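Numbering (my numbering), first residue to last: 983 to 1483.
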């Protein structure tokens, strides 16, 4: 065997991109299929350890099964609910009471995911990649033990290995958490409507799930230990929180659960949550139908035998340090994706890294993965797109006197007729004054933020400056147009409210 890829040891293929056509399946498995192009013998070991609630899924990893794909589809379901409300102002007369069916939605989403799972298996077979639904564990320098769900063990040897095992949701370690709580690994296939829901955490997963659940008409509360969206621009994070609160999401700040008890069985049942203040001794209690934990994720690296082959990991985090070519301290073992220390935890980043890695190994190429200026989007009810530095990081790196922040609110034309949410959408760019006002940070809150951000990300990668933005003619009337006429700086303190599109 030339190469064995531990692509799904416990849950996650991390080289996936939200692309749907079967002919594009190589975007989800770049390492394997890229290596197969060079007539290398490749094996994929893939295994899903069920969640404490028993959830598992098919080939494709987190993004496809319990991440990007179902998350965005359920976000879309919530947006359609808002669109139905807006439609009345555009003349649509809804004569029936509009209701949402959780079962119809989840069945449709899972059917689509099932079609993707099948497509991936076919694609791997067509490219002659050997696929084993088995748990992989190193037992020697070039040997892997693969154990399937029946407990049957096989040994495989390979010249090189790529670890891409990803992460799984973290639990609180309190009474009742694994017995009664669910995670994002369970939510998207939950066989019943979750009802009144407590979301614990302030990560993008927490806020995205809270957002679409509230958009579906459920009673949702988010319990936050400290700040929202740690690692993201805090100006933008706070605006997201304000918007969600105004749209019916409840927030409990500076509390953490210490116990979860079952009051009543059922689907859903009733759970009592006891929480303690992070700033004092105050205790609170509340009853919910569902408790969703979204407090972070841990790398699946501690139970795959890395210690037996000498691969270093960060003992505190479980992350794997690599060099700029995704190589671990053991020369024939590589790693990509969320398990890397100090790298972005984004599916498209892992895709790019995996594909370029194999091209370097087998095609003589030298291009390395660029981890700078990577665009991303948080699919909260008011979507957030970002590329480059946050305002806090830019100040820290370049000094406040050396950056200029241009910003403005904007009002999407589609929202003007229903007359909703004026001065909630927001655009901001961060420029390096010492480098010809080069754009080093791009941030947008508004509809279709991902589509807007993707285009500007290419320009930023090419060294976009404020002058070039200003000289660009906008498309009227679209949201992205705001970036071509930003004139107010944050330090000026001038008013940025708008009264029209």
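Ideal Cβ placement from N, Cα and C applies to all residues, glycine included.
Owing to the predicted nature of the structure, the values given are computational and were not obtained by experimental measurement.
Rounded to the nearest angstrom, what separates residue i and residue j at their Cα positions?
i	j	result
residue 1122	residue 1113	21 Å
residue 1066	residue 1458	25 Å
residue 1190	residue 1381	32 Å
residue 1110	residue 983	13 Å
residue 1080	residue 1254	31 Å
residue 1430	residue 1133	46 Å
residue 1231	residue 1155	26 Å
residue 1333	residue 1352	12 Å
residue 1027	residue 1040	13 Å
residue 1478	residue 1426	14 Å
residue 1056	residue 1084	10 Å
residue 1264	residue 1207	14 Å
residue 1347	residue 1341	6 Å
residue 1226	residue 1313	48 Å
residue 1387	residue 1224	21 Å
residue 1141	residue 1317	15 Å
residue 1130	residue 1092	24 Å
residue 1398	residue 1482	7 Å
residue 1179	residue 1308	40 Å
residue 1360	residue 1048	16 Å
In three-state DSSP terms, what is residue i?
i	result
residue 986	strand
residue 1119	strand
residue 1420	strand
residue 1232	strand
residue 1323	coil
residue 1028	strand
residue 1391	strand
residue 1481	coil
residue 1331	helix
residue 1191	helix
residue 1340	helix
residue 1114	strand
residue 1370	strand
residue 1457	coil
residue 1444	coil
residue 1005	Here residue 1005 scores only 31 on pLDDT, less than 50, and its place in the model should not be relied on; the value that follows carries that caveat. In the structure shown, residue 1005 sits in a helix (DSSP, three-state: H, G or I).
residue 1375	helix
residue 1179	strand
residue 1476	coil
residue 1297	coil
residue 1203	strand
residue 1515	Nothing can be reported for residue 1515, as the shown portion of the chain is limited to 983 through 1483.
residue 1158	coil
residue 1380	helix
Does the distance from the CB of residue i to the CB of residue j come in under 8 Å?
i	j	result
residue 1291	residue 1315	yes
residue 1272	residue 1147	no
residue 1205	residue 1257	yes
residue 1465	residue 1409	yes
residue 1415	residue 1424	no
residue 986	residue 1052	no
residue 1176	residue 1211	no
residue 1071	residue 1400	yes
residue 1287	residue 1029	no
residue 1197	residue 1300	no
residue 1245	residue 1163	no
residue 1470	residue 1447	no
residue 1126	residue 1138	yes
residue 1278	residue 1150	no
residue 1367	residue 1261	no
residue 1275	residue 1169	no
residue 1372	residue 1214	yes
residue 1393	residue 1384	no
residue 1174	residue 1077	no
Can you pull the DSSP bridge partners for residue i?
i	result
residue 1414	1385 and 1420
residue 1137	1127
residue 1165	1275
residue 1314	Paired residue(s): none; residue 1314 is not in a bridge.
residue 1143	986 and 1315
residue 1288	Residue 1288 is not bridged to any residue.
residue 1407	1392
residue 1309	1316
residue 1302	1322
residue 1470	Answer is none; residue 1470 lacks a bridge partner.
residue 1150	1280
residue 1359	1367
residue 1427	1366 and 1408
Using a Cβ-based criterion (distance less than 7 Å to any ligand heavy atom), does residue i qualify as near the ligand ADP?
i	result
residue 1214	With respect to the ligand ADP, the structure offers nothing, as it holds no ligand at all.
task: Go through the region 1205–1283 residue by residue and report every complete run of the alpha helix (DSSP H) that reaches 4 residues or more, in order.
output: 1216–1228
query: In the region 1048–1102, which residue ranges form an unbroken beta strand (DSSP E) of at least 3 residues, counting only runs that do not cross its ends?
result: none
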